[in-house]
Amino acid sequence: NKQEVLFANTVDTDRYEFVAYVTSTDLSASLVHSTYNQRADCENRIKELKYDFGMDGFAMQSFAGMEAAFRFVMLAYNLMALFKQKVMAGPVRNHLSTIRFQCIAIGSYLVRDGRKKKMKLSAEGKRRHFLEHIFEKTERLEPPFQFSTA
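Here it is in structure tokens:
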């Protein structure tokens with residue numbers, strides 16, 4: 780039965796969910812299904828842009844202003860996605876509000892140590908351990924890009 784083969788990874792076999800894909804590719808049915816099935820995750824990215832980055836919270840009179848605001852939001856999103864991927868990699872997918880609380884909303888003050896300035900962070904226990912881990916991973920991080928001289 781082709782339907783059973785196509786949806787072999789479905790847990791509940793008593794109920795069927797039917798989906799139709801119309802494509803001009805020469806890919807197998809299971810590859811088309813797995814490829815297009817992952818596209819639903821884009822809705823999660825849109826929600827993240829909307830709720831965490833305020834994508835729906837600005838309106839400009841000019842198109843150029845909207846484009847500039849959109850590009851800045853996308854830059855912030857991409858930088859935060861890179862930070863989460865490289866520094867905060869783990870089993871838990873953190874939202875921006877959680878990262879903001881864990882990494883940014885920390886009491887601190889600047890002191891002088893000779894000619895250098897140091898920032899003293901007010902963090903104890905698990906939070907201190909978490910921040911030390913983040914700083915260690917950040918120090919070892921090599922950028923996944925190259926600057927062009929062109």
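Numbers given in my numbering equal positions in the sequence shown, counted from 1, plus 779.
Each residue gets a CB set at the ideal place from its N, CA and C atoms; glycine is no exception.
Do V852 and M867 have their C-beta atoms within less than 8 angstroms of each other? Here residue 852 refers to the residue found at position 73 when the sequence shown is read from its first residue. Here residue 867 refers to the residue found at position 88 when the sequence shown is read from its first residue. Result no, Cβ atoms of V852 and M867 do not sit closer than 8 angstroms.
Just to confirm before moving on: does the CB-CB distance between Y815 and Y800 stay below 8 angstroms? Here residue 815 refers to the residue found at position 36 when the sequence shown is read from its first residue. Here residue 800 refers to the residue found at position 21 when the sequence shown is read from its first residue. Going by C-beta atoms, Y815 is nearer than 8 angstroms to Y800.
L900 - partner residues in DSSP beta bridges: Mapped onto the sequence shown, residue 900 falls at position 121. For L900, DSSP records a beta bridge to S887.
Closest by C-alpha distance to N980, when choosing among L875, Q840, A902 and Q881: There is no way to answer for residue 980, as the model of the chain reaches only from 780 to 929.
How long is the line joining the alpha carbons of S813 and R872, rounded to whole angstroms? On the sequence shown, position 34 is the one that residue 813 refers to. On the sequence shown, position 93 is the one that residue 872 refers to. Rounded to whole angstroms, S813 to R872 spans 22 angstroms at the Cα level.
Compare the Cα-Cα distances from V798 to each of D805, V811 and L806 and report the closest residue. As a working note, residue 798 is residue 19 in the sequence shown. Checking every option, the nearest Cα to that of V798 belongs to V811.
Give the straight-line distance between the Cα atoms of S901 and E911, rounded to the nearest whole angstrom. The count along the sequence shown starts at 1 and reaches residue 901 at position 122. The count along the sequence shown starts at 1 and reaches residue 911 at position 132. Approximately 12 angstroms, taken between the alpha carbons.
Are the CB atoms of K896 and Y888 nearer to each other than 8 angstroms? Residue mapping note: residue 896 aligns to position 117 of the sequence shown, counting from 1. Residue mapping note: residue 888 aligns to position 109 of the sequence shown, counting from 1. Going by C-beta atoms, K896 is not nearer than 8 angstroms to Y888.
Over what stretch of residues does the alpha helix (DSSP H) that includes H812 continue unbroken? The sequence position of residue 812 within the sequence shown is 33, counting from 1. Per DSSP, the unbroken alpha helix (DSSP H) holding H812 starts and ends at A808 to N816.
What are the residues that DSSP puts in a beta bridge with D831? Mapped onto the sequence shown, residue 831 falls at position 52. According to DSSP, D831 bridges with nothing at all.
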